[in-house]
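Residue numbers (the working numbering): 11 to 436. Okay, structure first, notes after.
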Ligand code: AMP
Ligand code: MG
């Protein structure tokens, strides 16, 4: 049975929420709604783990050589003067021992080969001299090797029963390596969240089509697809909704039956041509509307039956910022992941703001650069306006100005969130 959203998932009793209030409400109220499926290891990249993974055996399984060289027993070695050993055996990685092993002798050994029980130390092949005496190979090991040198102990990476990964972890290449090291190849992952997207607006036309006076190309749909897919969720683009209350109502109702989360962009305010908010009130519950931020104030959250809903503003910059701040964590959490909190870095401002409105939090598009002394500073996009799509290619992160800030001087430390903190890389 698929878990369903709570009826009062985003409910609150304030007119306008501060950014932190909105986030903490979302964090507390949203829980995973996806089912678990078993995914082959080679397909598990980017998926979210639904159960803890424990090591079924030690990793590495055997104590083994960390270098190509010669294995010997430290008890028969003179650390001050060095020792000459007779080589009587050979062990290659993945093979059993060839020859006769002797407690006082040495075995040629290669990186990754299992150490024989009677040996505990390896000397690198570059550090020895070899000679032949009466048909026997003698290995002259120099002084100074500590017991256990150049060996990797069984279980030094993971002991049997250690937690390899916790449920809720998104599987990056490094996690896939960790899972593979335990021998597992069927991974309990969250089913991908199905996120449907509508653009809204009579003025919208699709790239590739002819554009007429008063029209604008739909930039939000392709941007949202990329953003949604960067979270590991599936994006279903349901096209453009005309600014018509009946069409909006009918389309949202139908989509709410088929998908886990609906996103709209545009039509989010209270103008006569904006139908998203009123429709949500009619069809389901609008739980949160209006956040004291810039850009993105009319951001709304709600649900239609068990389908979660987020109404994004129309301006592309506001869509981008609101997606990263609110929708991305919602998607990750609904998908079984952990609530992500991006790190902020304090960087010197390379810009000045004479007057910022207090009481709301502002997110500016920022680009980092080095000043003449080689110190990092951040510039803001020189022009304001949340319709300026070119500002999004300029930026490599968001500058965050808290509610209490009323001005910024050059050199002031400001909070900066690199886009990589939102999973946007490359
Ligand atoms: P709205 O919130 O619907 O009033 O839209 C605010 C502004 O964003 C208007 O200038 C719209 O034309 C613009 N806009 C809305 N949706 C899109 C879109 N999908 N692509 C580009 N611009 C859009
Ligand atoms: Mg509109």
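Glycine residues also receive a C-beta, built at the ideal position from the N, C-alpha and C atoms.
Q: Quick one: grab the DSSP three-state call for residue 387.
A: strand
Q | Where residue 421 falls: helix, strand or coil (DSSP) | A | coil
Q.
Helix, strand or coil, according to DSSP, for residue 369 in the structure here?
A. coil
Q: Using beta-carbon positions only, say whether residue 179 and residue 59 come within less than 8 Å of one another.
A: yes
Q. Along the chain, which unbroken stretches of the alpha helix (DSSP H) at least 4 residues long are found entirely within the stretch 231–299?
A. 255–268 and 286–293
Q.
If I measure Cβ to Cβ from residue 243 and keep anything under 7 Å in the same chain, skipping five residues before and after, which residues do I get?
A. 202, 203, 205, 341 and 345
Q) Within the chosen definition, does the stretch 164–177 reach the stretch 28–41 through at least 3 CB pairs nearer than 8 Å? A) no
Q: Out of 404, 380, 289 and 315, point me to the one whose CA is closest to residue 390's CA.
A: 404
**Q.** Contact between the stretch 63–80 and the stretch 135–144 (3+ Cβ pairs under 8 Å)
**A.** yes
Q. Are there three or more Cβ pairs, one per stretch, closer than 8 Å when the stretch 251–269 is compared with the stretch 229–239?
A. no
Q: Alpha carbon to alpha carbon, how far is residue 216 from residue 222? Give it in angstroms, no decimals.
A: 12 Å
Q) In angstroms, rounded to a whole number, what distance separates the CA positions of residue 149 and residue 92? A) 11 Å
Q. With 16 as the cutoff for other CB atoms within 10 Å, does residue 425 come out buried or exposed?
A. buried
**Q.** Cβ-based neighbour list, residue 421, same chain, cut-off 7 Å, excluding 5 preceding and 5 following
**A.** 358 and 359
Q.
Assuming the contact rule is C-beta atoms closer than 8 Å, residue 295 and residue 312 should be a hit. Round their C-beta distance to whole Å, please.
A. 5 Å
Q: Taking 8 Å as the cut-off, decide whether the C-beta atoms of residue 283 and residue 253 are in contact.
A: yes
Q: Identify the continuous beta strand (DSSP E) that holds residue 343 and give its terminal residues.
A: Run containing residue 343: none in the beta strand (DSSP E); it sits in the alpha helix (DSSP H), 338–344.
Q: Compute every distance between the C-beta of residue 214 and the non-hydrogen atoms of the ligand AMP, then say whether any falls below 7 Å.
A: yes
**Q.** Buried/exposed call for residue 47, threshold 16 Cβ in 10 Å
**A.** exposed
Q) Can the beta-carbon of residue 57 be found less than 8 Å from the beta-carbon of residue 245? A) no
Q: Decide yes or no for the touch test of the stretch 83–103 against the stretch 62–72: beta carbon pairs closer than 8 Å, at least 3 of them.
A: no
Q: On a CA-only basis, which of 322, 314 and 297 is nearest residue 307? Give me that one, please.
A: 322
Q: Can you tell me the Cβ-Cβ gap for residue 368 and residue 414, rounded? I've got them flagged as a contact below 8 Å.
A: 6 Å
Q) Mapping DSSP to helix, strand and coil, what is residue 377? A) strand
Q | Own chain, CB closer than 8 Å to residue 224, minus 5 neighbours either side, in chain order | A | 213
Q) With respect to 7 Å, is the separation between the Cβ of residue 211 and the closest non-hydrogen atom of the ligand MG below this value? A) yes
(Q) How far does the beta strand (DSSP E) with residue 322 in it extend, from its first residue to its last? (A) 317–322
Q: Could you tell me whether any non-hydrogen atom of the ligand MG is closer than 7 Å to the CB of residue 283?
A: yes
Q.
Please state whether the Cβ-Cβ distance between residue 262 and residue 289 is less than 8 Å.
A. yes
Q: With a 10 Å radius around its C-beta and 16 neighbouring C-beta atoms as the bar for buried, classify residue 372 as buried or exposed.
A: buried
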